[in-house]
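**Student:** What follows is a structure written as structure tokens; I'll ask about it next.
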Amino acid sequence: MSAPFLSPEDVGDVVAILDGSNYRELDIATARFRLKVRRDGDGGGWSQEWQWAAQHAPTQTTSTAAPDTPEGLVAIRAPLPGTFYRAPAPGAAPFVELGSQVQADTVVGIVETMKLMNPVHAGVSGEVVAFVAGNAEAIGHGAELIHIRPAA
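Residue numbers for the sequence shown follow my numbering, so the first one is 2 and each next one is one higher.
Quick look at the structure:
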């Protein structure tokens, strides 16, 4: 599981990656933090702002199902836009299969964003009952990836 804090060094690493790209702005929002990095003026320096998410902010909503989430199931949603992969590499076994029992910290897939692989954790204990997103499918932020039947 990843560290709970975003350090100034982490922000510096993001800026270094952007320095070698043509991007002018990056805005990342997760359940833990939001980071905005923007190139100033004509390729000069970078401005950055970041904030921590509220401690009590849920990463998933389990009390009410989204309209396309079947009753009694929890939707695992994309933390970032990108490409969803069910396996760590082409030809490798998937992280989970239908019927797999998972814990909250189980990696169930990865989302590739800007050539960075971001793990997707189940966030809840239970059984994988459906894959909503296909392997190597382009997905948006918050898109449903997997449905899990929570453990009793």
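A virtual CB, placed ideally from N, CA and C, is assigned to each residue, including glycine.
Spatial neighbours of residue 29 within its chain, please: CB distance less than 6 Å, with the 5 preceding and 5 following residues excluded, ordered by chain position.
**Tutor:** Counting only Cβ-Cβ distances below 6 Å, and skipping sequence neighbours, we find 36.
**Student:** Inspect the beta-carbon positions of residue 81 and residue 114 and report whether they are closer than 7 Å.
**Tutor:** Yes, they are a contact pair.
**Student:** According to DSSP, is residue 131 helix, strand or coil?
**Tutor:** Three-state DSSP puts residue 131 in a strand.
**Student:** Tell me the DSSP secondary structure of residue 113 in three-state form.
**Tutor:** Correct three-state label for residue 113: strand.
**Student:** Using a threshold of 7 Å, state whether the C-beta atoms of residue 109 and residue 147 are closer than that.
**Tutor:** Yes.
**Student:** Following the continuous beta strand (DSSP E) through residue 139, name the residue where it begins and the one where it ends.
**Tutor:** 138–140 is the span of the beta strand (DSSP E), which, as asked, contains residue 139.
**Student:** Taking the C-alpha atoms as reference points, what is the distance between residue 60 and residue 101?
**Tutor:** Because residue 60 carries a pLDDT of 39, less than 50, the predicted location of this residue cannot be relied on, and the following value inherits that uncertainty. Their backbone Cα atoms lie some 22 Å apart in a straight line.
**Student:** When DSSP builds the beta bridges, which residues end up paired with residue 119?
**Tutor:** 112.
**Student:** Cutting at 6 Å between CB atoms, please list the residues of its own chain near residue 88, excluding the five before and the five after it.
**Tutor:** Within the same chain, residue 88 has close Cβ partners 95.
**Student:** Taking all protein chains shown into account, do 16 or more other C-beta atoms lie within 10 angstroms of the C-beta of residue 21, making it buried, or fewer, making it exposed?
**Tutor:** It is exposed - the Cβ of residue 21 has fewer than 16 other Cβ atoms within 10 Å.
**Student:** Strictly by DSSP, which residues pair up with residue 104?
**Tutor:** Answer is none; residue 104 lacks a bridge partner.
**Student:** What do you get for residue 83, buried or exposed, if any count of 16 or more other CB atoms within 10 angstroms of its CB means buried?
**Tutor:** Result: buried.
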